[in-house]
Amino acid sequence: MKTVTVYRVDYVNRRKVPIGTVVERRTKERGDNALGLLRLARKLYARNLEDALHIAIDWDQARSG
934 MKTVTVYRVD YVNRRKVPIG TVVERRTKER GDNALGLLRL ARKLYARNLE
984 DALHIAIDWD QARSG
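Here the sequence shown is numbered in my numbering, starting from 934 and rising by one per residue.
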């Protein structure tokens, strides 16, 4: 299991602010692991639908194994 950092992105100022983590529990790469983590992060950390567009994960961290 590894943790992946979740960010709230401010597109105007081009900043990423860390807001938490999600845990990768899959042992095998299935091709959509990073996308599944993004969906989980948006479900956990977004306040509303509009805010979900500002939630991002560290893709390099999610893909490294």
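Beta carbons are placed, not taken as given, at the ideal position from N, Cα and C, and that holds for glycine. Small disclaimer: the values here were computed from a predicted structure and weren't measured.
Under the criterion of beta carbons closer than 8 Å, Lys949 and Ala989 qualify as touching, at roughly 7 Å. Check the Cα spacing between Val942 and each of Leu986, Arg996, Gln994 and Ala995: the tightest is with Leu986.
In this structure, Val939 lies away from Thr960, with their beta-carbon atoms at least 8 Å apart.
Unbroken beta strand (DSSP E) stretches of 3 residues or longer found wholly inside the stretch 934 to 982: 935 to 943 and 948 to 957, given in chain order. From the listed residues Gly964, Tyr944, Leu977 and Ala979, the smallest Cα separation to Trp992 is found for Gly964.
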